[in-house]
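Note that the protein sequences, when read in sequence, are chains A, B and C. The first sequence maps to residues 7 to 460 in this note's numbering. The second sequence maps to residues -6 to 432 in this note's numbering. The third sequence maps to residues -17 to 281 in this note's numbering. Before any comments, here is the structure.
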Amino acid sequence: MTERLDGPQAPSQDGAPSPRADTPKKFRLGPSPAIAIVFLLPAAILLGIWVVYPIVYSIFRSLFDASGSVFVGVENFTTIFTDRGTLVTIRNNLIWVIVAPILVTVLGLLFAVLTERIKWSTAFKLIVFMPMAVSLMAAGVIFRLVYEQDPDKGLANAVLTTVNDTFSSSQGYPDARPREGDASPVAAKDGGVATKQPAQAGQPVLIPLVGIKANTMPTNAAPALANPPPGGLSGTVWFDFTPGGQGTSGAVDPQEKGLPGMTVEAVKDGQVAATTTTAANGTFRFDGLAAGSYEVRLPQTNFTAPYRGLNWLGEALITPAIIGAFIWVWAGFAMVLISAGLAAIPRDSLEAARIDGATEWQVFRKITIPLLSPVLLVVFVTMIINTLKVFDLVFIIAPASVQPQSNVIALEMWRVSFGGGNNQGLGSALAVFLLILVLPFMIMNVRRFRREER
Amino acid sequence: MRKTAIVLAGLAVAASACGNAPTTTPTQPAGTAAATSGGAKPLQGQKIEVAAKWTSDEEKSFRQVLKAFSDKTGAEVTYASTGEDTGAYLGPRIKGGSPPDIAILPQPGLVQQYADEKALKPLTPEVISQIDTNYTPYWKELGSADGQVYGVMVKAAHKSLVWYRTATFEEAGVQPPTNWDELVKAAQTIADSGTAPFSFCGASGWTLTDLFENVYLSSAGPENYDKLSKHEIPWTDPSVATALEKMAQIMTKKEFVLDGNSGALQTQFPDCVTKVYDQKKAAMIIEADFVATPVAQSGEKVGEGAKTFPFPKVGETSPVVLGGDIAVALKDTPGAMALLEFLGSKEGGEIWAKLPGYLSPNKNVSPDNYPDELTKQLGQTIVSAGDAVRYDMSDLAPSAFGATDGKGEWKVLQDFLRDPTDVKGAQTKLEEEAKKAWK
Amino acid sequence: MATATATVERGVHAGAPKRGLLSRGVDKLGGGAVQVVMILIGLFWLVPTLGLLVVSMRSVAVNNAEGWWTIFTKPAELTLANYSNLLATGFTASFWNTIAITVPTTILVIGIAAMAAYAFAWMDFPGRDLLFLIVVGLLIVPIQVALIPMASFYGGTGMFGSIPSVVLFHVAFGLPFAIFLLRNFFVGIPASLLEAARMDGAPEWKIFASIVFPLGKPAIASLGIFQFLWVWNDMLIALVFANPDSQPMTKALQSQMRQFGNNIDILSSGAFLSLIIPLILFFAFQRYFVQGMMAGSVK
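As structure tokens, then:
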């Protein structure tokens, strides 16, 4: 089997040589137009009723209100450009159109170039191309799982936190904070906790903290000791909460535990004079500190929350996250197209340039890319059209609460007309708007086709 | 728990005193029309399609009820889930002239809407007599539009509850609060003890409207509640500001909200329940009786590890907000009418009542059928709905405002959970959305 | 687009494994590094789907408690319970609906488009070029445009919610591409073959059925596989026009989406079932598939 779809060498199974057929235009001893009509009729009826008539109907319908009985002129279109919700969808579509096609094309190019370097390129291509066979619905479910916020469940954050933890480990008390109210001897300050009153040696510093989650309590924590052995500036950092709520606030009660491993600083005039760490029972002591009064503080480093990854499905990252899924689906398509384009580049011109002393990068920039540009353009334009129509991925991946923030025109059209909005006037206007957006590409296609036919 | 019982009992008394419910004893044995001739199955071979929003456990329970109907009548009943957004599901099917035989609408607002679109079929006298026998006029009214009865309230929900995990309250040494300030104080203590007090289901917009309605009913009183329900006072009213400020008290502090505000916004119902009872990360969920279903699934026992207290008083009124699902006929077939009659009957209600996660608005369904104590008590309140009780406000509103994902009140309250400091902004946006919906 | 398709076909399989154009340049980067990068990229593309498979084979409780990758330490948690539960619900029906929608659509698109493409390629009639340009223009009409008009059309004709309503919608929107693809292929059939047949007085339908259609097999195979997958994977059209008793898998799954965490058992196993047939087709016919997709790049 040849792999031509429209190439010159049409397959001829009778074994006859197949020279390029003269263009059909010249050779026409064909049948009468009446027979042509018979052949075209089924397609014409379907296209007429299902595609052409709806375009007309939609334009017409978009000029009427929700009920369809009151003519409102262009009011639905003004709504599109004034309503806060639809403006967000337009903004999002703009982000999609600017970001996604470029990323897909660049990645496709990169993969296409790199696959030439590996022996298992067919396997690689199959793997990267595979998502094309999967429904966007299933891809949505797949990525909803990947983007799960909890690093114990979502793959993306699991990877991020693992990478992060290998470079920096935070063993702290992210939820610890001073108890609210004036009674507490300590207060939050600069992200850490500091004593309200200056402290001196011989007078134990009490630093009660609350809000420590069970899973962040170190296993070696021992019952807190209220009066550390005398000598120097010393004190106790402890979890000031007795199970059952019976304890006294600000006092070390029998069941309360110390907070070990807490970094404590003694500060004088804004300068850190000494640093120490708490023991298992929460006590600390500054050795060899000059007499005087100090502010005792627990610096912010004690309270940094462990890295939990990114909030993929939150309002800020939702569109980039969905674009990520889109790239996962489409990069294979770009790669296959572009690598076919690469294979079609005549080697002579490349070799000639190399012989002339051009570097590989120059060859790539000056020869390969220009020769590839028709293919790159096809990929790019296809992606633009696809991003304008993107629907399923947004619908499936974005949780309901961030759907307004991640909404796109194609989805809003469905929502407004069928998904509860119940306004088919506005829905038609959105459909027409979408049609207008793809119109330039439609014209481009037609013109390119005419050029190629000549 | 005892307090709950007392409050609910009190309400029941008050309600039955005020309500003018007909006190006729059930005169008809259940399922009269459907089971006329013994042995013969009158609807053999008939196909009936029912659409409702329930999935997973609620769906399983409902299917059992449908099966009982099938077994009895021979009709072949298919169930379809509409997903959370019933309007979105039914809209195109009604427009397309191919609705299900019966739809179960989660909001009375939809009854009016579909009645206006002439999509609903009036009930037959048999069904209406079943309703008159088994329901108080209040419930009948909720299923009617323009004086015509279209719907049977088949399932009720008691939305003025706060669920908590007993262990967290014991650990923190707090008692179930009875008013808002106590709730905030208890939340602080629980947070101090190292547990997040609230698990919000921010991704499910209706849970936030339920919270607002309770706070508003209690702080602004029933009269304002009725006015706001009909949009007779604007959402920029100071009473709304008060309610939102109260809500902000439990939403603003990061130690109060499990997983932070943006994490809460990604949590759907019933994942927020799982987070409390399964993953043991938080102490309370402010939602209706039907939380019992996911609780049971998590392995906690209602009444032991999982308890409730009535929604604390914010102002003068002890709020009781109810919700309910209304079955309507979209096709006038004997099968559809027979099924509606069955669902509205004592017999159908009692089959359902034995399953978890169900409260019946049918006053002749004996509370003894319910599987646990709590449901029995709640069942009492529901049946005797009267002046002290209000129906879920967002469900009375046009669905574009009160029941659509990403629109109207759902969206604005989600934005408010994201940034609870912006009370003014939330009010302005609510009023904007309301104006669009009540146009 | 024709240039693109033409250039593309040459290299898909033939050119790929050979030492490529940039080999020398990339050699300098060190083959090892490229290997590692490519393996990482390959994993990035493979692992999410693998995750879905594992998730679909664990209980809701386990999935809610920990990530699927813990399976490597406790493989005993794997179970097929989700799948048997799924099949016990109405999901099987939606699987058959998907087939009942996809198969007729594919056949109809091929048949109707091949006839039209033959007319466009080898028959002379007034307005032919203009009509074909319209077909090219219709290639990228967004289906959103037809949702509202067709909903009311189906409502008026009582077709709404039926499988034919979904099928015909798919067929109509599949036609422009199919006609475009097949016409471009048919044009390449040697004129001498057709002339000979016509001179023998063979009727057109016979030429179509016995010469053009058989010769068009490669393109038809590409089209068929592409069309099949497109319809199989559609959600939007089903969402609007299908009823519960005619709904395909995509719509059935979508209705479970709202309780993602709670319904993850059904969602993951359903999603995996829905993608298994496309994947089998993909691996079995990937050559045609690739061609179809590439030729479809205008869509």
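Built from N, CA and C at the ideal position, the CB exists for glycine as well.
I'd like to know whether the C-beta atoms of Val120/B and Glu334/B end up nearer to each other than 7 Å. For this step, residue 120/B is matched to residue 127 along the second sequence. For this step, residue 334/B is matched to residue 341 along the second sequence. In contact: Val120/B and Glu334/B (Cβ atoms closer than 7 Å).
Met146/B - containing beta strand (DSSP E), residue span: Residue numbering aside, residue 146/B sits at position 153 when the second sequence is read from its first letter. Residues 144 to 151.
Given a threshold of 16 other Cβ atoms within 10 Å of its Cβ, counted over all protein chains shown, does Pro14/A qualify as buried or as exposed? Mapped onto the first sequence, residue 14/A falls at position 8. Note that Pro14/A scores 33 on pLDDT, short of 50, meaning its location in the model is unreliable; the coordinates nonetheless yield the value given after this. Burial state of Pro14/A is exposed, judged by a 10 Å Cβ sphere holding fewer than 16 other Cβ atoms.
Thinking just about the alpha-carbon of each residue, which of Glu418/A, Gly160/A, Asp259/A is nearest to the one in Leu93/A? Position 87 of the first sequence, counting from 1, holds the residue named residue 93/A. Comparing Cα-Cα distances from Leu93/A to each of Glu418/A, Gly160/A, Asp259/A, the minimum goes to Glu418/A.
Hey, is the stretch 320 to 340 of chain B in contact with the stretch 113 to 127 of chain B, meaning 3+ C-beta pairs nearer than 8 Å? yes
Interface flag, Thr232/C vs chain A, CB-CB below 7 Å: One-based indexing of the third sequence puts residue 232/C at position 250. With 7 Å as the cut-off, Thr232/C counts as an interface residue toward chain A.
Going by CA-CA distance only, name the one from Thr168/A, Leu52/A, Met389/A, Phe77/A that's closest to Val117/C. Locating residue 117/C in the third sequence gives position 135, where the first residue counts as 1. Of the candidates Thr168/A, Leu52/A, Met389/A, Phe77/A, the one whose C-alpha sits nearest the C-alpha of Val117/C is Leu52/A.
Answer yes if the stretch 262 to 281 of chain A comes into contact with the stretch 218 to 229 of chain A, meaning at least three C-beta pairs across the two stretches below 8 Å, and no otherwise. yes
Within the same chain, show all residues whose beta-carbon is closer than 6 Å to that of Thr17/B, passing over the 5 residues directly before and after it, in chain order. Against the second sequence, residue 17/B aligns to sequence position 24. Low local confidence applies: a pLDDT of 37 at Thr17/B is under 50, so the model's placement there is unreliable, with the coordinate-based value given in what follows. For Thr17/B, where only same-chain residues beyond five positions count, there are no Cβ hits under 6 Å.
Of the listed residues Pro214/A, Val80/A, Leu132/A, nearest to Thr289/A (C-alpha basis): For the purposes of this step, residue 289/A is taken as residue 283 along the first sequence, with counting starting at 1. Of the listed residues, the one whose Cα sits closest to Thr289/A is Pro214/A.
Is the Cβ of Asn215/C closer than 7 Å to any Cβ of chain A? Within the third sequence, residue 215/C is the residue found at index 233, counting from 1. By this cut-off, Asn215/C is an interface position.
In whole angstroms, give me the CA-to-CA distance for Tyr107/B and Ala340/A. Here the question's residue 107/B lines up with position 114 in the second sequence. Here the question's residue 340/A lines up with position 334 in the first sequence. Distance between the alpha carbons of Tyr107/B and Ala340/A: 48 Å.
Going by DSSP in three states, Thr282/A sits in which element: helix, strand or coil? Indexing the first sequence from 1 puts residue 282/A at position 276. If DSSP states are grouped into helix, strand and coil, Thr282/A belongs with the strands.
Three-state secondary structure (DSSP) at Tyr72/B? Walking along the second sequence from the start, residue 72/B turns up at place 79. Strand.
Would you mind telling me which residues of chain B sit closer than 7 Å to Val216/A, beta carbon to beta carbon, in chain order? Here the question's residue 216/A lines up with position 210 in the first sequence. Per Cβ cutoff of 7 Å: Asp185.
Sort Gly195/B, Ser255/B, Thr188/B by Cα distance to Pro249/A and report the nearest one. Stepping through the first sequence from its first residue, residue 249/A is reached at position 243. Pro249/A has its Cα closest to that of Thr188/B, out of Gly195/B, Ser255/B, Thr188/B.
Going along chain A, which residues have a C-beta under 7 Å from Lys404/B? By one-based count along the second sequence, residue 404/B stands at place 411. Correct list: Pro410.
Whose C-beta lies closer than 6 Å to the C-beta of Ile171/C among residues of the same chain, with five residues either side of it excluded? The count along the third sequence starts at 1 and reaches residue 171/C at position 189. Excluding positions up to five away in sequence, the list reads Leu197.
Can you give me, in chain order, the residues of the stretch 105 to 129 of chain C that have a beta carbon less than 9 Å from any beta carbon in chain A? Met105, Asp106, Phe107, Pro108, Arg110, Asp111, Leu113, Phe114, Leu115, Ile116, Val117, Val118, Gly119, Leu120, Leu121, Ile122, Val123, Pro124, Ile125, Gln126, Val127, Ala128, Leu129
Gln261/B versus chain C: which residues are under 9 Å apart at the beta carbon? Position 268 of the second sequence, counted from the start, is the residue given in the question as residue 261/B. In chain order: Arg240, Gln241, Phe242, Gly243, Asn244.
Closest Cβ-Cβ distance between Gly140/C and chain B: below 7 Å? The residue given as residue 140/C occupies position 158 in the third sequence. Judged by the 7 Å Cβ criterion, Gly140/C is in contact with chain B.
Three-state secondary structure (DSSP) of Leu154/B: Taking the first residue of the second sequence as position 1, residue 154/B is located at position 161. In this structure, Leu154/B counts as strand in the three-state DSSP scheme.
How would you label Pro85/B, buried or exposed, when you count the other beta carbons within 10 angstroms and need 16 or more for buried? Your numbering for residue 85/B matches position 92 in the second sequence. So Pro85/B counts as buried.
Is there a Cβ from chain C that is less than 7 Å from the Cβ of Trp102/A? Taking the first residue of the first sequence as position 1, residue 102/A is located at position 96. Chain C contact via Cβ: absent.
Exposed or buried, which one is Asp203/B when buried takes at least 16 other CB atoms within 10 Å? What you label residue 203/B is simply residue 210 of the second sequence in a count that begins at 1. Buried, because 16 or more other Cβ atoms sit within 10 Å of the Cβ of Asp203/B.
Three-pair Cβ contact test at 8 Å for the stretch 203 to 214 of chain B versus the stretch 287 to 297 of chain B: At 8 Å Cβ cutoff, the stretches do not touch.
Identify, in the order they occur along the chain, each residue of the same chain with its Cβ nearer than 7 Å to the Cβ of Thr66/B, setting aside the five sequence neighbours on each side. As a working note, residue 66/B is residue 73 in the second sequence. Result list for Thr66/B: Ala27, Lys34, Pro35, Leu36, Ala331, in chain order.
Those residues which DSSP pairs with Leu315/B across a bridge: Mapped onto the second sequence, residue 315/B falls at position 322. Answer is His151/B, Tyr384/B, bridged to Leu315/B.
Taking the DSSP output, what are the residues bridged to Thr289/A? Working through the first sequence from its first residue, we reach residue 289/A at position 283. For Thr289/A, which the question treats as bridged, DSSP gives the partners Thr242/A.
Do you know offhand how far Thr267/B's Cα is from Pro354/B's? To locate residue 267/B, count along the second sequence from 1; it is residue 274. To locate residue 354/B, count along the second sequence from 1; it is residue 361. The alpha-carbon atoms of Thr267/B and Pro354/B are separated by roughly 27 Å.
Candidates Phe190/C, Asn79/C, Ala203/C, Ala101/C: closest to Met217/C by CA position: Counting from one through the third sequence, the residue named residue 217/C turns up at place 235. If we check each option's Cα against that of Met217/C, Asn79/C comes out closest.
May I have a chain-ordered list of the alpha helix (DSSP H) segments no shorter than 4 residues that lie completely inside the stretch 114 to 160 of chain C? DSSP runs (the alpha helix (DSSP H)) wholly in the stretch 114 to 160 of chain C: 126 to 139.
State whether the stretch 258 to 266 of chain B contacts the stretch 315 to 322 of chain B, with contact taken as three or more CB pairs (one from each stretch) at a distance under 8 Å. no
Rounded straight-line distance, which links the Cα of Leu249/C to that of Phe242/C: As a working note, residue 242/C is residue 260 in the third sequence. As a working note, residue 249/C is residue 267 in the third sequence. Rounded to the nearest angstrom, the two C-alpha atoms are 8 Å apart.
Same chain, Cβ closer than 6 Å to Leu157/C, neighbours up to 5 away in sequence not counted: Reading the third sequence from its first residue, position 175 is the one you call residue 157/C. Excluding residues up to 5 positions away in sequence, Ala95 lie with their Cβ nearer than 6 Å to the Cβ of Leu157/C in the same chain.
Counting only Cβ pairs nearer than 7 Å, list the residues of chain C close to Leu151/A. Translated into positions along the first sequence, residue 151/A becomes position 145. Close to Leu151/A, with beta-carbon spacing below 7 Å, are these residues of chain C in chain order: Gly33, Leu34, Val37.
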